[in-house]
Structures are given as structure tokens and as C-alpha cells.
Amino acid sequence: MISDIARLWFDDVQLEPLGSGHIHDTYLVTAAGSRYVLQKISQSVFHDPELVMSQTRRVLDLWSQQNTYVVPELVDNSAGLDGCWVDGEYYRMWRYIEQTRVLNPIENTAQAHAAGAAFGAFQAQLGQLPEPHLTPAISGFLQLDHYLERYDEVAAEAPRHLQAVVDRHRDLYADLLITNTTIHGDCKVNNLLFDEQGESVVAMIDFDTAMFGHWAWDFGDLVRSVCFSAKRTSPEFFTACLQGFAPHQPLTTAATAAAAPCYVTLMLGVRFLTDHLCGDTYFKVDRPGENLQRAQEQFDLFAAFKRQGKNWRSLAQETLAQTAS
Ligand code: GN1
Ligand code: MG
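Residue numbering for the sequence shown follows my numbering, beginning at -14 and increasing consecutively.
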């Protein structure tokens, strides 16, 4: 029972499910008047939980050296360990960060700016990580070419209209397939905890996918998640994310910033679609067909991003010129 696991940390616990993640099982734990977050790491996604933990500790150490954001803390259990194996599953406990909230949906462009600044600051800070680079805890993570290889094995079963979209765009993003900096790897706006007024970012969470990647995978995922959360691809959101992010990341260019939301959104659509066709082994579902629906939502968002195309490139050029001056 999950409460038995929580008792490896605390004697007297109350538990309830927490969050809307598609990967781990996550619980809110109350013990001795304080709140904590217990997670069972999904091994169908992260094959090596100890690698995830050792890399997370390196990230937390370096991220703790900035003073702008609260850094999540792992909690030791009664054996003095911040994570442990029980019956072949790996568990860990975090201190809950109080007086914060997740934006669901995002409400305004000031929040998008604050989110861009937070993820930009993360890349700037993690740029100082001593060698060796963080390795992807999931092989091929965020590499479109890798996901297309898997997709191609099952593509014949995919709905025709989605096959056509993939085939038309699969070769467009060669510039984004390289790696150039340490990234967060899951820059959704709901991996940021805002203050209760929703004005500033208090803390960033979820470092499992931090790795050496391309700066624009984070930036693109942020714009994708902001627009998905707001249910519209507003140019104001794009500009606000870029204004927040770019001052922290000197690698930022207008063309790549404009292409990044398309790249990440197409990739996520392909990931959901492939998982649907392969029997939902990666993203958790509550009912059959849910991953197909998620794929369709990302393909719709991708189409909306494509329509912004050239506008966003010139908008990015103007924004970068302003932020540099
Ligand atoms: C997964 O579980 P969650 O929501 O933190 C996924 C991300 C996707 C996201 C889409 C390790 O993250 O890459 O962008 O779903 N994480 C992993 O909602 O695959
Ligand atoms: Mg995540």
C-alpha cells in the first residue's frame, strides 16, 4: 500500500493523489502538520531511476546557488535516504512548496514573461554545470528524428489526415536536431509554481528530464504549453515568453525561436499518436483513445502555429532587437 511507503518517511500520514502528470504516480502527503509530495518513478518511462536521482541531485546543487527562485528539497527517509526501492519500484519524497499555485490556465502575458525568465534563468545557471554533461534519462528524448523512427514502424495504422501532416513537415527542422546547452526538458507552464496572486514565479519543479539538449526545445515547449493552456496561439504570449527568456540565453535567434513551438508541438503530437498506436505504454490514460485525442489536440495546435509562421519570425526579430538594446 502506498501509505506503507509513506511510513518509511513519517509515522503518521494522510495521503491523496496529486497533479495531472502523465508519467509518475504522485501523492500529497500530510505528516505532523507539514505537507510533502511522494512520487513513484515510472520505470516504463525512466528505465534507470537512480540515474534520474543522481542527475537531479547535481541539478539541485547548482540551481541552489541562485537566489531568485525557491529550490525544491528532497526529504530523507528514516534510513537517511532521499529515495528508495520497495518491491522493484522507486520512491522519493519532496517537501511541498506552500503558498503557491499552478496556473491552469495561464491568465495573462505578464505570467508568460515571468515563465520565460524562469526557464531562461535555469538554462543560464545550468550552463555552469561542470562536465560531464547530463545524459538524457530517456533515450532520444525530444529528438524528433528518434520519435519519427518509432512512428514509422506503426504509421500505416495512423489516421490518414495525421499521416499527411507528419509527412509534409518531417524534414523541416534539421536545425533543431543538434544539442548545444543544458536544458530543463519539460518546460510546461505547470512545472512552475507561482505565488498565490499569480504574479511571480516562486519555484520550478520536475527536473527528471534535465539533460544536454537544444535551448529551443525548452523555449518551444514553454510557448506550446502557454498557448495550449490559454487555448489560443496569441502573438502576445509568444513575445512575452521571448522577452522573458532571451536575455538569459545568448544562443537565442529569431528564426529558431519562431520555429521552436512548431517543432515541439509536432513532436509531442507524434509521441502521443505513436503511443496510442503502440497500446498506451508510455503516457497514462484513463480510457482507450485518450492518447489519440491528445495527439489530435497537438496537431491542431501545430496547425495554428504554422499559420502564425512568418509573422512570428519578424516579431521575434523585433523583440530580440528590443531586448538587446
Ligand atoms: C509528460 O507527465 P508530465 O506532464 O510532466 C512528458 C512531457 C510532455 C508532457 C505533455 C518524461 O510530462 O515530455 O511534454 O507529458 N514527460 C515525459 O503533457 O515524457
Ligand atoms: Mg514532467
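The C-beta atom is built at its ideal place from N, Cα and C for all residues, glycine as well.
A buried status is given to M196, since no fewer than 16 other beta-carbon atoms sit within 10 Å of its beta-carbon. DSSP places I190 outside both helix and strand once states are collapsed to three, so it counts as coil. Comparing C-alpha distances from S63 to each of L178, D(-11), Q28 shows the shortest one belongs to D(-11). Here DSSP, grouped into helix, strand and coil, assigns K269 to coil. The beta carbon of S49 lies closer than 8 Å to those of V56 in the same chain, with the five residues before and after it left out.
Under the three-state reduction of DSSP output, K291 falls in the helix class.
For C69, the enclosing beta strand (DSSP E) stretches over residues 68 to 71. In the three-state DSSP reduction, A16 falls in the strand class (E or B). Around the beta-carbon of I163, fewer than 16 other beta-carbon atoms lie within 10 Å, marking it exposed. Counting along the chain, the unbroken alpha helix (DSSP H) around P246 starts and ends at 239 to 262.
One alpha carbon belongs to G6, the other to F31, and they sit about 14 Å apart.
Closest option to V71, judged by alpha-carbon separation, among I26, Q108, L3: I26. In this structure P220 is in contact with L300, their Cβ atoms being roughly 6 Å apart against a cut-off of 8 Å. Here T85 really is in contact with D180; their C-beta atoms are around 6 Å apart, less than 8 Å. Distance from the Cα of F287 is smallest, within the candidate group M189, V255, I190, V270, for V255.
Between the beta-carbon of F104 and that of G170 there is about 10 Å, and that puts the pair past the 8 Å contact cut. Within a 10 Å sphere around the beta-carbon of A309 sit fewer than 16 other beta-carbons, which makes this residue exposed. Using a cutoff of 7 Å, the CB of D171 counts as near the ligand MG, since one of the ligand's heavy atoms is closer than that.
A direct Cα-to-Cα measurement between C226 and M(-14) gives close to 42 Å.
Residue state for L147 is assigned as helix, using DSSP reduced to three classes.
By alpha-carbon distance to A109, the top candidate from L23, I168, N176 is I168. Sequence-distant partners of I8 (beyond 5 residues in either direction) whose C-beta falls short of 6 Å from its own C-beta, in its chain, are S27, V30. Around the Cβ of K216, a 10 Å sphere holds fewer than 16 other Cβ atoms; the residue is exposed. Under the 10 Å beta carbon count, H146 is surrounded by fewer than 16 other beta carbons and is classified as exposed.
Q40 counts as buried, since no fewer than 16 other beta carbons sit within 10 angstroms of its beta carbon. Judged by DSSP in its simplified three-state form, I168 adopts strand. For E134, the enclosing alpha helix (DSSP H) stretches over residues 129 to 139.
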